[in-house]
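For the sequence shown, the tail end lands on 762 under this note's numbering, and the numbers increase by one without skipping.
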Amino acid sequence: MSDTQVSPVASKGLDNPLLKPWQTPFETPPFDEIKPEHFMPAFEQAFADHAGEIAAIVNDVSAPDFANTITALERSGKLLSKVAAVFYDLVSAHSNPAILEIDKDVSLRMARHWNPIMMNAVLFGRIAALRDNAASLHLKPEQARLLERTYTRFHRAGAGLDETAKARMAEINERLAHLGTTFSHHLLGDEQEWSMELGDDDLDGLSDSFVASARAAAEERGKPGKAIVTTSRSSMEPFLQSSTRRDLREKAYKAFIQRGNNGNANDNNTTIVEILKLREESAKLLGYPTFAAYRLEDSMAKTPEAVRNLLERVWKPARARALADRDALQELIAEEGGNFKLAAWDWRHYAEKLRQRRANFDDAAIKPYLTLDNMIAAQFDVATKLFGITFHERKDVPVWHPDVRVWEVKDAKGEHKALFYGDYFARSSKRSGAWMTSLRDQQKLDGDTAPLVLNICNFAKGTNGQPSLLSPDDARTLFHEFGHGLHGMLSNVTYPSLSGTSVFTDFVELPSQLYEHWQERPEVLQQFAKHYQTGEALPDDLLKRFIAARKFNQGFATVEFVSSALIDLEFHTQPASASADVAAFEKKELEKIGMPEEIALRHRPTQFGHIFSGDHYASGYYSYMWSEVMDADAFGAFEEAGDIFDAATAKRLHDDIYSSGGSVDPEAAYVAFRGRAPEADALLRRRGLLDAA
Ligand SMILES: [Zn+2]
Numbered sequence: 070m071s072d073t074q075v076s077p078v079a080s081k082g083l084d085n086p087l088l089k090p091w092q093t094p095f096e097t098p099p100f101d102e103i104k105p106e107h108f109m110p111a112f113e114q115a116f117a118d119h120a121g122e123i124a125a126i127v128n129d130v131s132a133p134d135f136a137n138t139i140t141a142l143e144r145s146g147k148l149l150s151k152v153a154a155v156f157y158d159l160v161s162a163h164s165n166p167a168i169l170e171i172d173k174d175v176s177l178r179m180a181r182h183w184n185p186i187m188m189n190a191v192l193f194g195r196i197a198a199l200r201d202n203a204a205s206l207h208l209k210p211e212q213a214r215l216l217e218r219t220y221t222r223f224h225r226a227g228a229g230l231d232e233t234a235k236a237r238m239a240e241i242n243e244r245l246a247h248l249g250t251t252f253s254h255h256l257l258g259d260e261q262e263w264s265m266e267l268g269d270d271d272l273d274g275l276s277d278s279f280v281a282s283a284r285a286a287a288e289e290r291g292k293p294g295k296a297i298v299t300t301s302r303s304s305m306e307p308f309l310q311s312s313t314r315r316d317l318r319e320k321a322y323k324a325f326i327q328r329g330n331n332g333n334a335n336d337n338n339t340t341i342v343e344i345l346k347l348r349e350e351s352a353k354l355l356g357y358p359t360f361a362a363y364r365l366e367d368s369m370a371k372t373p374e375a376v377r378n379l380l381e382r383v384w385k386p387a388r389a390r391a392l393a394d395r396d397a398l399q400e401l402i403a404e405e406g407g408n409f410k411l412a413a414w415d416w417r418h419y420a421e422k423l424r425q426r427r428a429n430f431d432d433a434a435i436k437p438y439l440t441l442d443n444m445i446a447a448q449f450d451v452a453t454k455l456f457g458i459t460f461h462e463r464k465d466v467p468v469w470h471p472d473v474r475v476w477e478v479k480d481a482k483g484e485h486k487a488l489f490y491g492d493y494f495a496r497s498s499k500r501s502g503a504w505m506t507s508l509r510d511q512q513k514l515d516g517d518t519a520p521l522v523l524n525i526c527n528f529a530k531g532t533n534g535q536p537s538l539l540s541p542d543d544a545r546t547l548f549h550e551f552g553h554g555l556h557g558m559l560s561n562v563t564y565p566s567l568s569g570t571s572v573f574t575d576f577v578e579l580p581s582q583l584y585e586h587w588q589e590r591p592e593v594l595q596q597f598a599k600h601y602q603t604g605e606a607l608p609d610d611l612l613k614r615f616i617a618a619r620k621f622n623q624g625f626a627t628v629e630f631v632s633s634a635l636i637d638l639e640f641h642t643q644p645a646s647a648s649a650d651v652a653a654f655e656k657k658e659l660e661k662i663g664m665p666e667e668i669a670l671r672h673r674p675t676q677f678g679h680i681f682s683g684d685h686y687a688s689g690y691y692s693y694m695w696s697e698v699m700d701a702d703a704f705g706a707f708e709e710a711g712d713i714f715d716a717a718t719a720k721r722l723h724d725d726i727y728s729s730g731g732s733v734d735p736e737a738a739y740v741a742f743r744g745r746a747p748e749a750d751a752l753l754r755r756r757g758l759l760d761a762a
């Protein structure tokens, strides 16, 4: 669909639900009325409105002041945010060929729309003049922070470059937008195309709940009566853990790690090469030696060296632990009379066996206690205990798929605070992974705007009356995304661009990872982990073994994560020419760090959506670990208080971390909460790696 096809009637919005006021409860998007053909006209209208608002700021003859420049910028682009939020929710959580086709146009049109705004010399001149005179403006702290962030954003987008460089930057941005979209469409394509059918003879070792979800997955893909394994982590991980069929594990594993690397129409190799080349060129235009140097300047870490220091500090003990575990797994194979060398598709299977032996615990034993509904109740209850908010399910809010559930969130006084949407089950119209996003952000610029916050996951659905049962990892993911969700829902700032999760990438995982700590606490599990058939509470003994087992296989988990973070950093610090052959580059880098050959990267390059679907996590994948240093240390504040719901600590957590969004410097926010900077040992201790350091 091109812009010439936009009819003038449609763009007036007479029959376009995206352009009419929303008459739904809480003015939520009327998903039941929105059709793919509504998007392009709505985007065109939104681009035009926004361009007009920007022109008014640029053409303002009065001298720049905070209100006519910064506040005016914050007020601009409302329709665009509204339409884009709905569109990208559908692109990632419930797409179809029509939506994906429009996505290609939208990503290009977005780049074309934003380039002239972010590189507008007059606009940047007004912002820079305000920044130069900031001291005389008598700004409130949030306003001062906003001015600084706005200046930085424009400066880093190239607003200060000469015209030739700007023109080239604009071309690069357009091309990168296209390539990012291509990358994610390819990945989705390979994920939709592959599945492995399990016959009656192929089920050995698999739990009833796994088989039930494999049948649900088959039904969702139009193969009723069959059972399939898919490349979704909730399908792949338990299959690799439990299946006793080495041949099938090998087949599934290879498909999993080859996504985007199959030499077919979905192959991502050339896309990656071009992305890296253009990122390097844009960083150089902006005066940085590498893309990583450019990217990290605007982060807590500040430099590639700081990132490398942290990753290397963790890498050594993690690798040592993984190698020791590898030898133990090989022994286990020998003991069982196997005479083969442990391969990558065996690791999870034998690690699970070893864990059962050492900790006398397996994931399948705890799953029946972790129903999705009970874990949702648990995540809500923890938020009520910490922050006083309550959750009330609503059935009258339109959603994009019948599986989506909605809760109204009320504050301690019973007043409306937010809406929370949960979309929990895997389906082929959804991209892989789990994420939080929003349809509307909190702000107070023109009266209170309550946020609409989303959690999207890919859990296996239950069938035949059996509820959806979560693995311990799934339960952790649920809490993780809900932690991000709270960051959005508890946000209490004035300006939209500082709202909720609008913080540095290496700070944004703090609220989410911190929230995971409550999920594995006895106080929470004893109350909420109940057997789905008998209603029996999680037995004490199983609980103890579960908690002990959490530290198991951390060498593997840390190695697959840190290696991915390191290769992300290498991609963006070495010259782009070094990675012209992506597979060779991966191999060389993994050899350099001594990667155990039985472990693959958590995200191999051609499926590394974090860093190639867009640039949000590019040279930023380390952020999870940077945040983990803080979250491990932050939870210590509750432990030191002797109560995981300690009211005074929870209040500081609310005020300094969860509600302040991007309105304060993250380091200052952390220190305000904890009274000091974080200590890295807490991370190694939590992963059980301190003694290996
Ligand atoms: Zn996260």
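Built from N, CA and C at the ideal position, the CB exists for glycine as well.
Practice prompt. Using a threshold of 8 Å, state whether the C-beta atoms of T300 and S501 are closer than that.
Written response: It is a contact, given that the beta carbons lie within the stated cut-off.
Practice prompt. Note down the Cα distance separating S76 from D259, rounded to an integer number of angstroms.
Written response: Its pLDDT being 42, under 50, S76 is placed unreliably by the model, and the measurement read from it follows with that caveat. Rounded to the nearest angstrom, the two C-alpha atoms are 35 Å apart.
Fill in: F551 versus A446: straight-line alpha-carbon distance, rounded
So the two alpha carbons sit approximately 12 Å from each other.
Item to complete: Verify whether the separation of the beta carbon atoms of E54 and F360 is less than 8 Å.
Response: One cannot answer for residue 54 here, as it falls past the ends of the chain, which runs 70 to 762.
Fill in: Every unbroken alpha helix (DSSP H) inside the segment 227-298 [4 residues or more]
Runs of the alpha helix (DSSP H) inside the segment 227-298: 232-262, 277-289.
Discussion item. Along the chain, where does the alpha helix (DSSP H) containing L199 start, and where does it finish?
Written reply: Element bounds for L199: 190-201.
Worksheet item: Going straight from the alpha carbon of N715 to that of A598, what length do you get?
Response: Residue identity differs from the one stated: residue 715 is Asp in this sequence, not Asn. A direct Cα-to-Cα measurement between D715 and A598 gives close to 22 Å.
Discussion item. According to DSSP, W91 sits in a beta bridge with which residue or residues?
Written reply: Note: W91 sits in no beta bridge, so no partner.
Discussion item. Can you check which of these residues, V466, F112, G457, is closest to P94 by C-alpha distance?
Written reply: Ranking V466, F112, G457 by Cα distance to P94 puts V466 first.
Fill in: Simplified DSSP state of W469, which is helix, strand or coil
In the structure shown, W469 sits in coil (DSSP, three-state: anything other than H, G, I, E or B).
Discussion item. Helix, strand or coil, according to DSSP, for F460 in the structure here?
Written reply: F460: strand per DSSP, three-state reduction.
Item to complete: Note down, in chain order, each residue of its chain lying with its Cβ closer than 6 Å to the Cβ of R214, except the 5 sequence neighbours on either side.
Response: Hits under 6 Å: S732.
Discussion item. As a quick exercise: from H119, V593, L559, pick the residue whose alpha carbon is nearest that of L612.
Written reply: Of the candidates H119, V593, L559, the residue whose Cα lies closest to the Cα of L612 is V593.
Fill in: Among S728, L722, A751, the one whose alpha carbon lies nearest that of V740
For V740, the nearest C-alpha among the options comes from L722.
Practice prompt. Within the segment 360-433, note down every full alpha helix (DSSP H) run reaching 4 residues or more, in order along the chain.
Written response: Runs found: 360-366, 373-404, 413-427.
Item to complete: Would you grab the beta carbon distance between D492 and A162 for me? Rounded to a whole angstrom, and I think it's under 8 Å.
Response: Yes, D492 and A162 are in contact; Cβ-Cβ is about 6 Å, under 8 Å.
Practice prompt. For N330, name the three-state secondary structure that DSSP assigns.
Written response: If DSSP states are grouped into helix, strand and coil, N330 belongs with coil.
Worksheet entry | Cβ shell of H470 (< 6 Å), same chain only, five flanking positions each side left out | Sequence-distant Cβ neighbours of H470 in its own chain, meaning closer than 6 Å and more than five residues away, are H163.
Worksheet item: Do E697 and ligand 1 come close, with the Cβ less than 7 Å from some heavy atom?
Response: Flag unset: Cβ of E697 not near ligand 1.
Discussion item. Distance check for L567 and R426, CA to CA, integer angstroms please.
Written reply: The alpha-carbon atoms of R426 and L567 are separated by roughly 49 Å.
Worksheet item: Can you tell which of K513, L638, R284, F742 has its C-alpha closest to the C-alpha of A370?
Response: The candidate whose alpha carbon is nearest that of A370 is L638.
Discussion item. One question on the structure: do E266 and I297 come within less than 8 Å of each other, judged by their Cβ atoms?
Written reply: Contact: yes.
Discussion item. My output table needs one value for Y690: the three-state DSSP class, helix, strand or coil.
Written reply: Correct three-state label for Y690: coil.
Fill in: Cβ neighbours of E748 in the same chain (closer than 7 Å, five flanking residues each side left out)
The residues are D702.
Worksheet item: So which of D510, Q676, D700 has the shortest CA-CA distance to G329?
Response: The shortest C-alpha to C-alpha distance from G329 to any of D510, Q676, D700 is the one to Q676.
Item to complete: Compute the distance between the beta-carbons of H247 and S176, then report whether it is under 8 Å.
Response: Yes.
Item to complete: State whether the segment 129-144 contacts the segment 495-509, with contact taken as three or more CB pairs (one from each stretch) at a distance under 8 Å.
Response: Counting Cβ pairs under 8 Å, fewer than three are found: no touch.
Worksheet entry | Residues that DSSP places opposite Y490 in a beta bridge | Answer is V475, L523.
Worksheet item: Which residues bound the beta strand (DSSP E) around T506?
Response: Residues 504-509.
Fill in: Any heavy atom of ligand 3 within less than 6 Å of residue CB: hits in chain order
Because ligand 3 does not appear in the structure shown, any question about it cannot be addressed here, the ligands present being ligand 1.
Worksheet entry | Contacting residues, own chain, Cβ-Cβ under 7 Å from A66 (five flanking each side not counted) | Within the shown structure, residues of the chain are numbered from 70 to 762, placing residue 66 beyond reach of any answer.
Practice prompt. With DSSP collapsed to three states, give me the class of T440.
Written response: Annotated three-state conformation of T440 is strand, per DSSP.
Fill in: Within the segment 99-159, ranges of the beta strand (DSSP E) (whole runs, at least 3 residues)
As far as the segment 99-159 is concerned, it has no whole beta strand (DSSP E) run of at least 3 residues.
Practice prompt. Could you say which of R222, I171, M188, I126 lies nearest to S571 if we only look at CA atoms?
Written response: For S571, the nearest C-alpha among the options comes from R222.
Item to complete: Within its chain, find whatever has a CB closer than 8 Å to the CB of L811; leave out the 5 residues flanking it on each side and keep chain order.
Response: Lying before the first or after the last residue shown, residue 811 is absent from the chain, which here runs from 70 to 762.
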